[in-house]
Amino acid sequence: MNTTEEEFGFLSIGDIVSDAFIRLKDASLHCDINHEHCQICMDFGSKLPYESVTEVAAVGNSPNAAVAASRLGLHSALVTELGNDHHGQLAIETLEREKVSTRFVRRHDGKITNYHYVLWFDDDRTILIKHEEYPYTLPEIGRPEWIYLSSLGEHSAEYHKIISDYLMREQTVKLAFQPGTFQMKLGYEALADIYKRTEVFLCNTNEAQKILGTEEKDVKILLKNIGALGPKIVIITDGPRGAYAYDSTNNNEMWFMPPYPDPKPPLERTGAGDSFSATLVAAFALGKSLETALRWAPINSMSVVQQVGAQAGLLTRPKLEEFLANAPEDYRAKAI
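This is how it looks when you write it as C-alpha coordinates:
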(Lines of atoms letter the chains of each structure in order from A and count residues from 1; the text may use other names and numbers.)
(Lines give C-alpha, C1' and ligand atoms only; values in the text may rest on other atoms or scores of the structure.)
Protein backbone atom coordinates (compact mmCIF):
# COMPACT_ATOMS: atom_id res chain seq x y z
CA MET A 1 0.00 0.00 0.00
CA ASN A 2 1.47 3.31 -1.09
CA THR A 3 0.69 6.36 1.03
CA THR A 4 2.16 9.81 0.91
CA GLU A 5 2.08 12.44 3.60
CA GLU A 6 -1.29 13.51 2.17
CA GLU A 7 -2.70 10.01 1.72
CA PHE A 8 -3.69 7.96 4.76
CA GLY A 9 -4.38 4.26 4.84
CA PHE A 10 -6.88 4.75 7.64
CA LEU A 11 -8.73 7.97 8.47
CA SER A 12 -11.31 8.12 11.27
CA ILE A 13 -14.11 10.68 11.51
CA GLY A 14 -15.93 11.15 14.80
CA ASP A 15 -16.11 12.84 18.17
CA ILE A 16 -13.32 12.67 20.71
CA VAL A 17 -13.82 12.52 24.48
CA SER A 18 -12.08 12.19 27.83
CA ASP A 19 -13.46 9.38 30.00
CA ALA A 20 -13.50 9.48 33.80
CA PHE A 21 -13.80 5.91 35.13
CA ILE A 22 -15.50 5.95 38.51
CA ARG A 23 -15.13 2.52 40.10
CA LEU A 24 -18.20 1.95 42.27
CA LYS A 25 -18.33 0.00 45.51
CA ASP A 26 -21.91 0.21 46.84
CA ALA A 27 -24.19 -0.79 43.98
CA SER A 28 -26.21 -3.78 42.84
CA LEU A 29 -27.18 -5.29 39.51
CA HIS A 30 -30.75 -6.34 38.68
CA CYS A 31 -31.44 -8.32 35.50
CA ASP A 32 -34.42 -9.97 33.83
CA ILE A 33 -34.77 -13.74 33.78
CA ASN A 34 -32.70 -14.02 30.58
CA HIS A 35 -29.98 -11.74 31.96
CA GLU A 36 -30.38 -9.57 28.84
CA HIS A 37 -31.72 -6.32 30.33
CA CYS A 38 -29.90 -5.23 33.46
CA GLN A 39 -30.00 -2.13 35.65
CA ILE A 40 -27.41 -0.82 38.04
CA CYS A 41 -28.96 0.38 41.31
CA MET A 42 -27.70 2.69 44.06
CA ASP A 43 -29.37 4.24 47.07
CA PHE A 44 -31.14 7.45 46.06
CA GLY A 45 -30.24 10.56 48.06
CA SER A 46 -27.21 8.94 49.71
CA LYS A 47 -23.51 9.69 49.86
CA LEU A 48 -21.90 6.69 48.19
CA PRO A 49 -18.22 5.83 48.55
CA TYR A 50 -16.32 4.96 45.38
CA GLU A 51 -13.09 3.05 44.96
CA SER A 52 -11.14 5.14 42.44
CA VAL A 53 -11.28 7.55 39.49
CA THR A 54 -9.16 7.07 36.38
CA GLU A 55 -9.09 9.65 33.56
CA VAL A 56 -8.40 8.50 30.01
CA ALA A 57 -7.85 11.08 27.26
CA ALA A 58 -8.49 10.98 23.49
CA VAL A 59 -11.02 8.17 23.41
CA GLY A 60 -14.31 7.60 21.61
CA ASN A 61 -15.19 5.18 18.82
CA SER A 62 -13.26 6.99 16.09
CA PRO A 63 -10.15 7.97 18.11
CA ASN A 64 -9.99 4.40 19.44
CA ALA A 65 -10.07 3.12 15.86
CA ALA A 66 -7.36 5.55 14.75
CA VAL A 67 -5.07 4.45 17.59
CA ALA A 68 -5.75 0.76 16.95
CA ALA A 69 -4.89 1.20 13.26
CA SER A 70 -1.72 3.12 14.07
CA ARG A 71 -0.49 0.44 16.47
CA LEU A 72 -1.10 -2.16 13.76
CA GLY A 73 1.18 -0.24 11.42
CA LEU A 74 -1.16 1.89 9.32
CA HIS A 75 -0.66 5.57 8.45
CA SER A 76 -3.57 6.84 10.54
CA ALA A 77 -5.35 10.17 11.01
CA LEU A 78 -8.37 11.55 12.86
CA VAL A 79 -10.91 14.19 11.85
CA THR A 80 -12.48 15.63 14.99
CA GLU A 81 -13.42 18.78 16.90
CA LEU A 82 -12.43 19.67 20.46
CA GLY A 83 -12.26 22.58 22.84
CA ASN A 84 -9.28 24.84 23.37
CA ASP A 85 -8.93 23.61 26.94
CA HIS A 86 -6.90 21.31 29.17
CA HIS A 87 -8.63 18.12 28.03
CA GLY A 88 -8.28 19.16 24.41
CA GLN A 89 -4.53 19.61 24.85
CA LEU A 90 -4.26 16.21 26.53
CA ALA A 91 -6.15 14.66 23.61
CA ILE A 92 -3.75 16.13 21.05
CA GLU A 93 -0.71 15.04 23.04
CA THR A 94 -2.13 11.52 23.34
CA LEU A 95 -2.84 11.22 19.62
CA GLU A 96 0.61 12.48 18.70
CA ARG A 97 2.19 10.01 21.11
CA GLU A 98 0.22 7.26 19.36
CA LYS A 99 1.46 8.47 15.94
CA VAL A 100 -2.05 9.43 14.83
CA SER A 101 -1.95 12.53 12.63
CA THR A 102 -3.68 15.54 14.22
CA ARG A 103 -3.64 17.57 11.01
CA PHE A 104 -7.45 17.44 10.83
CA VAL A 105 -8.11 18.06 14.53
CA ARG A 106 -9.71 21.48 15.08
CA ARG A 107 -9.63 23.34 18.41
CA HIS A 108 -12.38 25.84 19.19
CA ASP A 109 -12.05 28.83 21.51
CA GLY A 110 -14.92 29.10 23.96
CA LYS A 111 -15.77 25.39 23.62
CA ILE A 112 -15.03 22.53 25.99
CA THR A 113 -13.82 19.08 25.04
CA ASN A 114 -16.32 16.25 25.41
CA TYR A 115 -16.12 14.65 28.86
CA HIS A 116 -17.95 11.45 29.81
CA TYR A 117 -18.42 9.70 33.13
CA VAL A 118 -18.02 5.93 33.19
CA LEU A 119 -19.74 4.17 36.09
CA TRP A 120 -17.59 1.05 36.45
CA PHE A 121 -19.09 -1.84 38.40
CA ASP A 122 -17.78 -5.41 38.35
CA ASP A 123 -16.39 -5.95 34.82
CA ASP A 124 -18.81 -3.70 32.93
CA ARG A 125 -19.79 -0.07 32.75
CA THR A 126 -22.58 2.44 32.19
CA ILE A 127 -21.50 5.67 30.49
CA LEU A 128 -23.00 9.11 31.03
CA ILE A 129 -22.50 10.87 27.70
CA LYS A 130 -22.78 14.44 26.46
CA HIS A 131 -21.60 15.57 23.03
CA GLU A 132 -20.77 19.27 22.91
CA GLU A 133 -22.03 21.23 19.92
CA TYR A 134 -19.25 22.04 17.45
CA PRO A 135 -19.40 23.62 13.97
CA TYR A 136 -18.60 20.42 12.08
CA THR A 137 -16.71 20.82 8.81
CA LEU A 138 -14.96 18.27 6.62
CA PRO A 139 -11.41 19.44 5.85
CA GLU A 140 -9.50 18.67 2.67
CA ILE A 141 -8.62 15.06 3.50
CA GLY A 142 -7.45 13.93 0.07
CA ARG A 143 -8.21 10.31 -0.80
CA PRO A 144 -7.50 7.99 2.13
CA GLU A 145 -7.77 4.29 1.36
CA TRP A 146 -10.30 3.77 4.18
CA ILE A 147 -12.55 6.12 6.10
CA TYR A 148 -13.83 4.89 9.46
CA LEU A 149 -16.98 6.81 10.38
CA SER A 150 -18.44 6.56 13.86
CA SER A 151 -19.99 8.46 16.75
CA LEU A 152 -20.95 12.11 16.18
CA GLY A 153 -23.26 14.44 18.10
CA GLU A 154 -27.00 14.68 17.55
CA HIS A 155 -26.63 18.00 15.70
CA SER A 156 -24.51 16.39 12.97
CA ALA A 157 -27.21 15.57 10.38
CA GLU A 158 -25.92 18.17 7.90
CA TYR A 159 -22.34 17.03 8.47
CA HIS A 160 -23.33 13.50 7.41
CA LYS A 161 -24.66 14.97 4.17
CA ILE A 162 -21.30 16.66 3.57
CA ILE A 163 -19.49 13.37 4.25
CA SER A 164 -21.90 11.52 1.96
CA ASP A 165 -21.34 14.02 -0.86
CA TYR A 166 -17.58 13.57 -0.48
CA LEU A 167 -17.95 9.77 -0.66
CA MET A 168 -20.10 9.98 -3.77
CA ARG A 169 -17.38 12.05 -5.46
CA GLU A 170 -14.50 9.87 -4.28
CA GLN A 171 -15.58 6.38 -5.29
CA THR A 172 -12.16 4.83 -4.67
CA VAL A 173 -12.36 5.59 -0.94
CA LYS A 174 -13.71 2.66 1.09
CA LEU A 175 -16.06 3.36 4.00
CA ALA A 176 -16.39 1.49 7.28
CA PHE A 177 -19.37 2.61 9.36
CA GLN A 178 -19.77 1.88 13.08
CA PRO A 179 -22.79 3.97 14.09
CA GLY A 180 -22.78 5.71 17.45
CA THR A 181 -25.69 6.53 19.74
CA PHE A 182 -26.95 9.60 17.91
CA GLN A 183 -26.36 8.14 14.45
CA MET A 184 -28.67 5.29 15.39
CA LYS A 185 -31.14 7.81 16.78
CA LEU A 186 -31.12 9.68 13.46
CA GLY A 187 -32.34 6.46 11.81
CA TYR A 188 -31.16 4.68 8.71
CA GLU A 189 -33.56 6.63 6.50
CA ALA A 190 -31.75 9.89 7.32
CA LEU A 191 -28.40 8.22 6.61
CA ALA A 192 -29.53 6.14 3.63
CA ASP A 193 -26.72 7.39 1.38
CA ILE A 194 -24.12 6.53 4.03
CA TYR A 195 -25.50 2.99 4.39
CA LYS A 196 -25.54 2.49 0.61
CA ARG A 197 -21.92 3.64 0.32
CA THR A 198 -20.65 1.44 3.18
CA GLU A 199 -18.12 -1.29 2.46
CA VAL A 200 -18.06 -2.69 6.02
CA PHE A 201 -20.79 -2.07 8.59
CA LEU A 202 -20.23 -2.90 12.26
CA CYS A 203 -22.56 -3.00 15.27
CA ASN A 204 -23.65 -5.33 18.07
CA THR A 205 -26.85 -7.39 18.28
CA ASN A 206 -28.78 -4.85 20.36
CA GLU A 207 -27.75 -2.04 18.03
CA ALA A 208 -28.83 -4.05 14.97
CA GLN A 209 -32.29 -4.48 16.52
CA LYS A 210 -32.45 -0.77 17.30
CA ILE A 211 -31.40 0.25 13.79
CA LEU A 212 -33.95 -2.06 12.19
CA GLY A 213 -36.71 -1.31 14.70
CA THR A 214 -37.23 -4.98 15.45
CA GLU A 215 -37.08 -7.49 18.30
CA GLU A 216 -35.81 -10.17 15.91
CA LYS A 217 -33.17 -12.33 17.60
CA ASP A 218 -32.10 -14.54 14.68
CA VAL A 219 -28.69 -13.09 13.81
CA LYS A 220 -28.87 -14.41 10.24
CA ILE A 221 -31.98 -12.34 9.64
CA LEU A 222 -30.40 -9.30 11.30
CA LEU A 223 -27.32 -9.66 9.08
CA LYS A 224 -29.37 -9.89 5.89
CA ASN A 225 -31.65 -7.00 6.84
CA ILE A 226 -28.74 -4.70 7.64
CA GLY A 227 -27.15 -5.80 4.36
CA ALA A 228 -30.36 -4.87 2.53
CA LEU A 229 -29.73 -1.24 3.57
CA GLY A 230 -26.63 -1.20 1.38
CA PRO A 231 -23.46 -2.34 3.21
CA LYS A 232 -21.45 -4.97 1.33
CA ILE A 233 -20.09 -6.67 4.44
CA VAL A 234 -22.00 -6.68 7.74
CA ILE A 235 -20.41 -7.54 11.09
CA ILE A 236 -22.58 -8.05 14.17
CA THR A 237 -20.84 -8.69 17.47
CA ASP A 238 -22.46 -10.49 20.38
CA GLY A 239 -20.21 -9.59 23.28
CA PRO A 240 -18.29 -12.49 24.85
CA ARG A 241 -20.34 -14.94 22.76
CA GLY A 242 -18.51 -14.07 19.53
CA ALA A 243 -19.31 -12.30 16.27
CA TYR A 244 -21.06 -12.88 12.95
CA ALA A 245 -20.31 -11.75 9.41
CA TYR A 246 -22.30 -11.50 6.17
CA ASP A 247 -20.52 -10.96 2.86
CA SER A 248 -22.81 -10.02 -0.03
CA THR A 249 -19.79 -9.77 -2.34
CA ASN A 250 -18.98 -13.47 -1.95
CA ASN A 251 -22.13 -15.54 -2.53
CA ASN A 252 -23.82 -14.07 0.56
CA GLU A 253 -21.59 -16.14 2.82
CA MET A 254 -22.17 -15.99 6.58
CA TRP A 255 -19.61 -16.71 9.26
CA PHE A 256 -19.41 -17.12 13.01
CA MET A 257 -16.21 -16.16 14.80
CA PRO A 258 -15.71 -17.33 18.40
CA PRO A 259 -13.98 -15.09 20.95
CA TYR A 260 -10.29 -15.45 21.69
CA PRO A 261 -9.88 -17.15 25.09
CA ASP A 262 -9.42 -14.69 27.96
CA PRO A 263 -6.15 -15.31 29.85
CA LYS A 264 -7.99 -14.21 33.00
CA PRO A 265 -11.40 -12.68 33.82
CA PRO A 266 -11.95 -9.29 32.13
CA LEU A 267 -11.11 -6.25 34.23
CA GLU A 268 -13.32 -3.74 32.41
CA ARG A 269 -15.13 -3.99 29.06
CA THR A 270 -15.00 -0.43 27.69
CA GLY A 271 -13.71 -0.44 24.12
CA ALA A 272 -14.15 -4.16 23.46
CA GLY A 273 -16.48 -3.50 20.52
CA ASP A 274 -14.38 -0.59 19.21
CA SER A 275 -11.20 -2.67 19.26
CA PHE A 276 -12.91 -5.54 17.44
CA SER A 277 -14.35 -3.24 14.76
CA ALA A 278 -11.20 -1.18 14.25
CA THR A 279 -8.95 -4.23 14.08
CA LEU A 280 -11.16 -5.90 11.51
CA VAL A 281 -11.16 -2.81 9.27
CA ALA A 282 -7.43 -2.29 9.80
CA ALA A 283 -6.85 -5.86 8.64
CA PHE A 284 -8.77 -5.07 5.44
CA ALA A 285 -6.66 -1.94 4.99
CA LEU A 286 -3.58 -4.14 5.32
CA GLY A 287 -4.85 -6.38 2.52
CA LYS A 288 -6.19 -9.25 4.62
CA SER A 289 -9.20 -11.41 3.75
CA LEU A 290 -12.46 -11.41 5.71
CA GLU A 291 -11.58 -14.73 7.34
CA THR A 292 -8.20 -13.41 8.48
CA ALA A 293 -9.72 -10.12 9.65
CA LEU A 294 -12.24 -12.09 11.73
CA ARG A 295 -9.36 -13.95 13.41
CA TRP A 296 -7.49 -10.73 14.18
CA ALA A 297 -10.36 -8.76 15.67
CA PRO A 298 -11.21 -10.79 18.82
CA ILE A 299 -7.56 -10.81 19.89
CA ASN A 300 -7.52 -7.05 20.38
CA SER A 301 -10.88 -7.23 22.19
CA MET A 302 -9.45 -9.84 24.55
CA SER A 303 -6.46 -7.64 25.25
CA VAL A 304 -8.44 -4.41 25.75
CA VAL A 305 -10.74 -5.82 28.44
CA GLN A 306 -7.72 -6.75 30.54
CA GLN A 307 -6.96 -3.06 31.18
CA VAL A 308 -8.83 0.13 32.08
CA GLY A 309 -10.14 2.14 29.15
CA ALA A 310 -10.45 1.59 25.44
CA GLN A 311 -6.83 2.02 24.33
CA ALA A 312 -4.36 0.75 26.92
CA GLY A 313 -4.71 -2.85 25.76
CA LEU A 314 -4.57 -2.22 22.00
CA LEU A 315 -1.86 -4.40 20.48
CA THR A 316 0.94 -3.85 18.00
CA ARG A 317 0.90 -6.12 14.97
CA PRO A 318 3.80 -8.33 16.19
CA LYS A 319 2.05 -8.87 19.53
CA LEU A 320 -1.28 -9.62 17.85
CA GLU A 321 0.38 -12.13 15.53
CA GLU A 322 2.05 -13.75 18.54
CA PHE A 323 -1.38 -14.34 20.11
CA LEU A 324 -2.63 -15.64 16.76
CA ALA A 325 0.23 -18.12 16.51
CA ASN A 326 -0.69 -19.44 19.97
CA ALA A 327 -4.44 -19.62 19.32
CA PRO A 328 -6.37 -22.82 20.00
CA GLU A 329 -6.82 -25.11 17.00
CA ASP A 330 -10.54 -24.37 16.78
CA TYR A 331 -10.02 -20.59 16.79
CA ARG A 332 -11.25 -19.89 13.27
CA ALA A 333 -14.27 -18.54 11.42
CA LYS A 334 -16.97 -21.12 10.76
CA ALA A 335 -19.51 -20.93 7.94
CA ILE A 336 -23.11 -20.76 9.17
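This note's numbering puts the first residue of the sequence shown at 364, with every later residue one more than the last.
Virtual Cβ for every residue (Gly too), placed ideally from N, Cα, C.
(message) Given this structure, state the Cα-to-Cα distance separating A648 from R466, to the nearest angstrom.
(response) Working through the sequence shown from its first residue, we reach residue 648 at position 285. Working through the sequence shown from its first residue, we reach residue 466 at position 103. When rounded, the distance between both Cα atoms is 21 Å.
(message) Can you give me the C-alpha to C-alpha distance between I599 and K583, rounded to a whole angstrom?
(response) The count along the sequence shown starts at 1 and reaches residue 599 at position 236. The count along the sequence shown starts at 1 and reaches residue 583 at position 220. For I599 and K583, the distance between alpha carbons rounds to 10 Å.
(request) Kindly indicate the opening and closing residues of the beta strand (DSSP E) around S391. (result) Your numbering for residue 391 matches position 28 in the sequence shown. Start and end: 391-394.
(message) Cutting at 6 Å between CB atoms, please list the residues of its own chain near G473, excluding the five before and the five after it.
(response) Locating residue 473 in the sequence shown gives position 110, counting from the first residue. So no residue of the chain qualifies.
(request) Using the Cα positions of T366 and L435, report the straight-line distance between them to the nearest angstrom. (result) Taking the first residue of the sequence shown as position 1, residue 366 is located at position 3. Taking the first residue of the sequence shown as position 1, residue 435 is located at position 72. Here the model assigns T366 a pLDDT of 42, short of 50, so the residue's position is not dependable and the matter cannot be decided.
(request) Return the bridge partner residues of R604 from the DSSP annotation. (result) The sequence position of residue 604 within the sequence shown is 241, counting from 1. Per DSSP, none; premise fails for R604.
(request) Give every residue of the same chain whose Cβ lies closer than 7 Å to the Cβ of L411, excluding the five residues on either side of it in the sequence, and list them in chain order. (result) Numbered from 1 along the sequence shown, position 48 holds the residue referred to as residue 411. Closer than 7 Å at Cβ, skipping near neighbours: D389, M405.
(request) Would you check whether the ligand ADP has a heavy atom nearer than 8 Å to the C-beta of K697? (result) Although the ligand ADP was asked about, the structure shown includes no ligands whatsoever.
(message) Measuring only the C-alpha atoms, how far is A440 from R506?
(response) Within the sequence shown, numbered from 1, the residue matching residue 440 stands at position 77. Within the sequence shown, numbered from 1, the residue matching residue 506 stands at position 143. Going from the Cα of A440 to the Cα of R506 covers about 12 Å.
(message) For the structure I just gave you, are there three or more beta carbon pairs, one from the segment 669-683 and one from the segment 599-612, closer than 8 Å?
(response) no
(request) From the DSSP output, in three-state form, read off T642 for me. (result) The sequence position of residue 642 within the sequence shown is 279, counting from 1. In this structure, T642 counts as helix in the three-state DSSP scheme.
(request) Return the chain-ordered list of same chain residues with a C-beta closer than 6 Å to the C-beta of K595, the five sequence neighbours on each side being excluded. (result) Start at 1 with the first residue of the sequence shown, and residue 595 comes out as number 232. Once the five neighbours on either side are set aside, the close Cβ partners of K595 are E562, S611, T612.
(request) Indicate whether the contact test is met: 3 or more Cβ pairs, each with one atom in the segment 385-399 and one in the segment 475-489, closer than 8 Å. (result) yes
(message) So, under 8 Å CB-CB, L445 and I379 are touching, yes? Tell me the CB distance rounded to an integer number of Å.
(response) As a working mapping, residue 445 is identified with position 82 in the sequence shown. As a working mapping, residue 379 is identified with position 16 in the sequence shown. Correct: roughly 6 Å between the Cβ atoms.
(message) Restricting to runs no shorter than 4 residues, where is the alpha helix (DSSP H) found entirely within the segment 407-491?
(response) 424-434, 449-460
(request) Output the distance between the C-alpha atoms of S415 and K524, rounded to the nearest integer angstrom. (result) As a working note, residue 415 is residue 52 in the sequence shown. As a working note, residue 524 is residue 161 in the sequence shown. About 42 Å.
(message) Whole angstroms are fine: how far does the CA of A383 sit from the CA of L653?
(response) Counting from 1 along the sequence shown, the entry for residue 653 is found at position 290. Counting from 1 along the sequence shown, the entry for residue 383 is found at position 20. So the alpha carbons of these two residues sit roughly 35 Å apart.
(message) If you follow the beta strand (DSSP E) that I667 is in, where does it begin and where does it stop?
(response) Along the sequence shown, one-based indexing puts residue 667 at 304. Before going on, a small fix: residue 667 reads as Val here, not Ile. No beta strand (DSSP E) contains V667, which is instead part of the alpha helix (DSSP H) from 653-667.
(request) Take E418 and list the residues in its own chain whose beta-carbon comes closer than 8 Å to its own, dropping the five residues that flank it on each side. (result) The residue you call residue 418 lines up with position 55 of the sequence shown. Excluding residues within five positions, the ones whose Cβ falls inside 8 Å are S381, D382, A383, F384.
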